[in-house]
Amino acid sequence: MSIRDQMSKLIDSRYRLAAFETNEPDRIVDVFRGISRDTGKAIYYWENGLGMYRLGSDHILIPETARPRDALSYIASASHFAIYLLRDLSDALLDSPKLVQQLTPIVEGKVAGDRRLVVLLGEDIRIPRGLKHNAVRVRHKLNAA
């Protein structure tokens, strides 16, 4: 199964939280960008300190989303279906119970609006204990040549 097929299956699954472990996160973002372009699905990318933007409109940052808590507030307030790629957030989640409290209602489907899929993107992702039952893990590791 191709990586794009895996992503499409993930998008269509019941899961609201995915840990996408990869040593090539930029490549994964590019595949999601292609899915967004081909399907019209709203897919957003977030990086700590940078903020959040919709793939395909990379030059337009969403205001006040640079910090993890602000990005999670934005996700919780969105009312449409979307996929959120959150790069290297897992360590912040482990260090901050407040962030886990913010993310929990999103991944449990307890926020208003359509379903959201939150994808934790990074090389070594550790999911906080309270979120593991709502998560799926995907590994995409390329061997170094």
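Using this note's numbering, the letters of the sequence shown map in sequence onto residues 27 to 171.
Glycine is no exception: its CB is placed at the ideal position from the N, C-alpha and C atoms.
Problem set entry | Cut-off 8 Å between Cβ atoms - residues of its own chain near A44, not counting five sequence neighbours on either side | L36, L143, V144, V145, L146, A161, V162, R163 and V164
For this session: Assess, as a yes-or-no matter, whether the segment 101 to 113 is touched by the segment 124 to 138 under the definition of 3 or more beta carbon pairs within less than 8 Å.
Result: yes
Problem set entry | Limits of the alpha helix (DSSP H) - the one that M78 falls within | Here M78 belongs to no alpha helix (DSSP H); instead the beta strand (DSSP E) covers G77 to R80.
For this session: Given a cut-off of 9 Å, decide if L120 and P154 are closer than it, judged by their beta-carbon atoms.
Result: yes
For this session: Work out the CA separation of R40 and K167 for me, nearest whole Å.
Result: 24 Å
For this session: May I ask which residues mark the beginning and end of the beta strand (DSSP E) holding F46?
Result: L43 to T48
Exercise. At what residues does the alpha helix (DSSP H) containing G60 begin and finish?
Worked result: P51 to T65
For this session: Could I get the ranges of all uninterrupted alpha helix (DSSP H) runs contained in the segment 67 to 154, with 4 residues as the minimum, in chain order?
Result: 94 to 103, 116 to 121 and 123 to 133
For this session: Note down, in chain order, each residue of its chain lying with its Cβ closer than 8 Å to the Cβ of A171, except the 5 sequence neighbours on either side.
Result: Here the model assigns A171 a pLDDT of 48, short of 50, so the residue's position is not dependable, and the following value carries that caveat. If we look at A171 and ignore the five residues flanking it on each side, it has no Cβ neighbours.
For this session: Along the alpha helix (DSSP H) that carries R163, what are the first and last residues, could you check?
Result: Taken as a continuous stretch (DSSP letters only), R163 belongs to no alpha helix (DSSP H), being part of the beta strand (DSSP E) at A161 to H166.
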